[in-house]
Amino acid sequence: MIPDIPISLIALCCGLALILIGLWGMLTQRNMIRIIIGFSLIDTGIHMVMVSIGYVTGGTAPIINDSVPLAEAVKRIVDPVPSALVLTAIVIGLGVTSVMLSFAVRIYKARKTLMIDELTESKL
Amino acid sequence: MMNSLLDMLLHPLGIYVIALGAGFLIPLFDRAHRGSAVLLFIAALAALATIAGVNLLAIIKGAPPIFIETAGISPPFSINMRFGLFEGGVVFALNSVAFLAALHLLGSLRKHASALLLYLIMVMGINGMIMTRDLFNLFIFIEITSLATYALIGMERTGSVLAAGFKYIIATSIASAFFLLGTVFIYYQTGTLNIDDIIVHSDLIQGPIGLIASLFLLTSLLIELKPYPANGWGLDVYETAPSGIASLISVGVSSGVLFALYKLLPLMGDFLPSIALISGVTFLASNIIGLKQGNARRLLGYSSIGQMGLLTMALVMLQQLDAMDMAIIVVGGLFINHLLAKAGLFWLAGIVNREQINDWSALSQHPWLLFLFGSMIAALIGLPPFPGFWGKWELIMQLATADYYGWILLVLAGSLLEAAYLFRWFTRAWQGDITTGTAGLPALRIRFWQPATVGIAVFLLYVMGSGMATLMDVTVPAFLLPLAAGLAMLLVDGLPGRLKNIVMLLIVGFFGIGLTHNLTGINLLFSYLLVGGGLLISIGALYRKDNRRGFYPLLAVLLVSLAALLRARTSLEFFFSWELMTLSSYLLIAVGRNGLKPALSYLLFSLGAAYFIFAGFAVAFAATGSLLLADLGDAGEQAGLVFGLLAAGFVIKLGGFGLHIWLPGSYAEADDDFTAILSSVVSKAGIFGLVTIAAYLGVQADIGLDPAYVLGWIGILTATFGALMAVFQEDIKRLVAYSSMGQLGYIVTGVALMSHLGWISALYTTVNHFLFKGILFLAVAGIILRTNERLMYKMGGLIKNMPVTFTFTMIAIIAMSGVPPLSGYGGKWMLFNALMDKGWYWIAALAFFSSAVAFLYMFRLLQTVFLGQRKLEHAKLREAPAILLAPQVILIAAIMVISAYPKLLLDPLSATIDPWIASTLVWEGTSLVSHYGNWNAPMIMAIVGGVWMIPLIILLLVSLTLKIQKVEQFNIVFAAERPRRPEETHFAYNFFAHYDRAIGFLVRPRATAFWNATVEWTHTFGSSLRIFYTGNGQTYALFIIMYFIGMFLVNGGLEL
Amino acid sequence: MIYASMSEWFGRVGYFGLTLLIVTVYGLLVGALIERIIAKVQGRVGIPYSQPFINIAKTFFKRTAVSHGIMFYLGPVFRIAGGIGTLAFIPVIYGSEMFSNFSMAGDLFLVIYFMFFGQLGMALGAGESGHPYSAIGIARGLSQMTAYEVPFALAVISIVIQYDTLSITEIVAAQQGGWQNWTVITNWVATLAAMLAFLGMTGYSPFDIFLAPQEIPIGPPTEFHSAYLSFLQINRALFGATKLVLFMNLFFGGATGWVELMIKTLLIYMVAIVVGVAFPRFRVDQGIRFFFKIPTLIGIMSIVYVQMVLA
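Chains as they are written, first to last, in this note's numbering: chain V, -5 to 118; chain X, -14 to 1041; chain L, -4 to 306.
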């Protein structure tokens, strides 16, 4: 018997777990590609958290029509804003990830390495 | 139709329309013709600035703030933006700088059409960050800006730039993730993304989620502002990125983030102390570390981060103190200052294109670039007339009102450290040839248009700074006159040197008299010394025939600012003129032969002094609520502190004991005629300050004895050690410099006495010191001119060649020594009487001792320079030029008159002091009677004249019958030898060797050693602060995470 | 001027001339006496009393002289003017308007500072001769002066506190009424400090290195001869006697008549002579250090003494 856990809680927990895994990846992996993957995980995790926050258990799609009268809308529909935000956030995340990857490519071309701890010439 | 289109385009929304539109068009145009794309790019940027400017102007004229709404629905259900006074000001300033930066960068930007596009988007992103009122929209704009920045950094293909860029991306993307999470949680609790709405419903933000949400937002923005120590990634980008990009990150992106923080501050009420602390620590730490920095751009990075820290701190403090109405001056001033100066410096770094600051010596060949460089550095330090000066002033005043003395200390200490490394850099740039192993570098090739953008930035700094004066309670025209005088002299700087001198005398005379003609009391008295004396001594400068570019403009600034100083009624006016004086005298010392190094220490000590004065004024303002100098006395309980701080400042300026190490070098290495001005005129400004505060605080507020007694001791120790150190100098200018220090010590003690007789002695000695030090330094200038030597043992026997100079020097020295009948005796007599009256017996004993020691160096000067054996190569030297002797004649005449009839001087002096302390001078005929004894100057003069004339007449009569034979040089019998060269017998080098054996241990350079050690420790400390900078991007990411955790724990995380 | 008439002024000048004559002759005789005493101690006959006068006459009437320059020429003038002036500012005989000289022009402070006048002028004159011994001698003399000035200044401050005046006449007045009122009794600490300083001031052994006849043939005056030297010889007697008068006034009750003056000053002088005969010469740095130790300590104690005990 599966306990009656709201799906939004599962999404939230998964999202937070993903964020932590991603962080762990960014902080421990020396390979830049892996770091970027770590970042992607964080990003995805945040998106899941966002979606889970807007979810109303048993709610319906946020379309106000006959089945959802205006008066009950707040209680019955899923908050549409987080979903909308997530869309934007995904786009931005994609952009950042791609820029990071292109940096990785160029660094590899310039330095023949992907190890971040070999890129410490400017410090102090 | 056209009108409405124009209106539409000029609407702030037009910024986005134009930026995005141009963004789409640039690639298209580029296909057709690269040049047209560039043109479009420039036009678009110009349009952004214009739109912001037009709307800002309307708002300043009284139009209401503009709200931009989108999607046809009103907020909070749609995204909206605000274009009010603050937004408009920042946006306009930023867009203008972005325009200039683009011009500066055009050469490299035009290589890729995409770079143009990215640049435009980046600027638009920053505009958005500032204007938007929607939290998520803010996130979008931050991301747009970041993405554009990443891409622009990535345009460079060198490994180091890319590596730095990657670290930058890691750090900022973590920060963005925080921001996004924070936004979501805030939305979760408040149900809105509109910032104004969130602020209204901020009570909904509560519990652990609320705390974490707020902290996510806050940490994210703080990280973007690069707080110490989680800022290594930012520094790496500053160091490596192209200068134009770095300048925009430094001033553009950071300002956008700061503005975002400002918008969210109402939500951060609980965290204000930790924000202030973080930014304060960042300010201080960056400036300490900056001391160790050798790489020019990284140095700018530290300075940049420090300045942002200061700005953030100022913002938070104002919020905390509920004084946001001051933000326009404090934050606005500091912001404009940082924006223009830092951007200009980054551009200059791009033009110079030398990595190590030592290699900036190439600038020494480009005086105009040096001028720009120096102006921007002065602006960053917060010297007048730049906007930062006003901002810092108001900030400190506000901090003082809230009794935040620790914060004042932090701001001033940080500023001093910043001054240290920035001016050290400036010094190296100016110094020229002394480079370390880089002599092989080719000379700079600078095209004439390259510095244009920097020039505009500097010009704007001057304009904005002078303009800001109108916002403050300053009688503007009067206090900007020094700058006007300097500007006028700058315009005629091409004329021959002597002509310029005359022009300068006229201008300074006109302005100086205009400023001081209606003064009264102490100020009037000092106006004779500072303005009249300054003009008189400046006449001596006519002996130099060369052009002396830059000298006369600076001298004009200095002399007129001295006049303005006397006119100051408020502490702000005083401090403004004081700083101008400091800056101009620093530059005047620096133009001396080897003046740069001593000038640097002069500047740092002077700034230290200025900051003491600043702090003193701030405490006074907090205590009295008034800026008027006349109200200083109402400081009540704080009077002791105010007096102590101000006195400390003035004593440093006078070269007080232990704080004197700047003095000999500066005096020695400045131009010889300027040294005369420095010693006899400029030092009087410190005396003026001391007398003024003694008058307002010492008497009225009745602060008790203690601070004054300490001051008395400082004065006499200065006198004693000044004299002792003068004894052991070989260099004539250093000797007279130490002597100057010693003489000022007596004046300090006299002021500290806080009695009528004490003050009279101080003022009398002040006048006297002006007279004899003027003569001595001008005479020294003549000697150096003729012999081209400064070491006294390389001279000797010059009485034969320069009898007039010798006579004047001798009279000046007798006047200084205090031997009757000349004027010095009166000062000593009054001081001694006043000391005995007060019961300061130990000080009186030391005064005796120090004036005895003074005989040693005075005699040494006369003996080794004028007497003894003349060097063979000096046989044909001529007397000093008449123009150099002319002012001395006037000074000698004054000494003689005062010696015979001191009443002529003492009566006005007494009248000056009477309003403060009832007169205790009792005259019996020509005799001045004190409690202990009397002093009948005319009678002493007559008797001494008599007893001197009688033997002289006898000797002359004897001489009539005697065959007196004038003998040649070397006609002496010395150990049964007849010497042939002066070097054998001119006893001059290490003249007081035995004295050194006996008590030389007292004057080993302990103060110098102490300050050197202080510098060393500070550097080591700065070095140790850098351990966080490993260069590893992952470490930096870890710091950021830990930063958040730290913020969380400190701000209540432990209680959850 | 505070004189009623020119005649009063001239009268004063005349009396001062008389004082000057007496003090100078007395100074020369004392000099001869001391020489004779030292000679007796050393088993010699010594000089006749007329010897100093003969010496002066001889040098004064020399027929030739050389000059190294104007300052050299003026040096002796400054020197003797310093001696005469110092005497002029000291009241010599207590209670005698005749012999109070021009002491109304100033006070003790004036006397102390005016003592430098002659020394400075002389130093400059000697300097122009170009002889290194002169310069060395002056450098040593000045250095030593700064050292003995310290105990002396402390002692002076002590008695100024004690008598609450800087006027020499008043200081003497306060000591009248018997030997028990003399400073040497009432403030023996200050007197001790001052007498130690006095040893340095007289320039006798052990503090005579700046004149050292053997090492730097008499130092500053090395190059002076003929009439110049006669001035210096007169001044040596005059200035020495003047200093004795000053010390007598400050510490030993002053004098109400010339005989008292001569006895007292001779006894004061004997202190320096006895010490001088008994002790060998200090090197100059040793001398300086000497004054900065015990005498300075005594000087400091004298001020403490006058504040704690006499107040």
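Every residue gets a Cβ at the ideal spot worked out from N, C-alpha and C, and that includes glycine.
Straight across, the Cα-Cα distance linking phenylalanine 285/L with serine 611/X is about 57 Å.
Phenylalanine 371/X: not part of any beta strand (DSSP E); DSSP gives it neither H nor E. DSSP places aspartate 619/X within a helical segment (H, G or I) once states are collapsed to three.
Going by DSSP, arginine 231/L is part of the alpha helix (DSSP H) stretching over 221 to 246. Within the stretch 1007 to 1022 of chain X, those residues whose Cβ lies closer than 8 Å to any Cβ of chain V are, in chain order, Arg1011, Tyr1014, Thr1015, Gly1016, Asn1017, Gly1018, Gln1019, Ala1022. Not flagged as an interface residue toward chain L: alanine 800/X, since no C-beta distance is shorter than 8 Å. Taking the C-beta atoms as reference points, isoleucine 184/X is found nearer than 8 Å to leucine 252/X.
Taking the Cα positions, glutamate 218/L is about 19 Å away from leucine 137/L. By DSSP's assignment, alanine 60/L forms a beta bridge with Ile949/X.
Neighbourhood of valine 72/L in chain X, by CB distance below 8 Å: Trp933, Pro936, Leu937, Leu940, in chain order. Serine 915/X carries a coil assignment under DSSP once its states are collapsed to helix, strand and coil.
At a Cβ-Cβ threshold of 8 Å, isoleucine 336/X and glutamine 435/X count as neighbours.
Flagged as an interface residue toward chain L: phenylalanine 977/X, by a C-beta distance shorter than 8 Å. The C-beta of glycine 19/V comes no closer than 8 Å to any C-beta of chain X.
Glycine 195/L is a Cβ neighbour of glutamine 139/L, given a cutoff of 8 Å. For serine 2/V, not one C-beta of chain X is nearer than 8 Å to its own C-beta. Taking threonine 297/X as reference, the option from Lys211/X, Phe371/X, Thr225/X, Ala215/X with the minimal CA-CA separation is Lys211/X.
Contact of isoleucine 131/L with chain X is assigned, a C-beta pair being separated by under 8 Å.
Assignment of methionine 140/X by DSSP, reduced to helix, strand and coil, places it in the coil class. Per DSSP, arginine 67/X lies in no alpha helix (DSSP H) segment; the continuous beta strand (DSSP E) that holds it begins and ends at 65 to 68.
Nearest C-alpha to asparagine 338/X among Leu368/X, Ile197/X, Glu224/X, Leu10/X: Glu224/X. Between the C-alpha atoms of glutamine 175/L and threonine 181/L there is a straight-line separation of about 7 Å. In the three-state reduction of the DSSP assignment, aspartate 119/X falls in the strand class.
In the assembly as shown, phenylalanine 834/X is a buried residue. Its beta-carbon has 16 or more other beta-carbons within 10 Å.
The Cβ atoms of serine 199/X and isoleucine 208/X lie no closer than 8 Å to each other. At a cut-off of 8 Å, the C-beta of arginine 105/V has a neighbouring C-beta in chain X.
Glycine 70/L places its beta carbon 8 Å or farther from that of glutamine 954/X.
Chain L places no beta carbon closer than 8 Å to that of glutamine 728/X, leaving this residue out of the contacts. Contact residues of the stretch 33 to 47 of chain V toward chain X are Phe33, Ile36, Asp37, Ile40, Val43, Met44, Ile47 (C-beta to C-beta distance below 8 Å). For the pair phenylalanine 713/X and aspartate 981/X, the Cα-to-Cα distance works out to about 8 Å. Minimum Cα-Cα distance from valine 667/X among the listed residues Ile925/X, Gly640/X, Phe356/X corresponds to Gly640/X. Of all residues in the stretch 944 to 958 of chain X, only Ser944, Thr946, Leu947, Lys948, Ile949, Gln950, Lys951, Val952, Gln954, Phe955, Asn956, Ile957 come within less than 8 Å of chain L when Cβ atoms are compared, listed by chain position. Around the beta carbon of glutamate 403/X, a 10 Å sphere encloses 16 or more other beta carbons of the protein chains shown; the residue is thus reported as buried. For methionine 924/X, the nearest CB of chain L lies under 8 Å from its own CB, placing it at the interface with that chain.
Note that the stretch 766 to 776 of chain X does not touch the stretch 728 to 740 of chain X; fewer than 3 beta-carbon pairs, one per stretch, sit closer than 8 Å.
Measuring C-alpha to C-alpha distances from leucine 79/X to each of Ile194/X, Leu233/X, Ile51/X identifies Leu233/X as the nearest.
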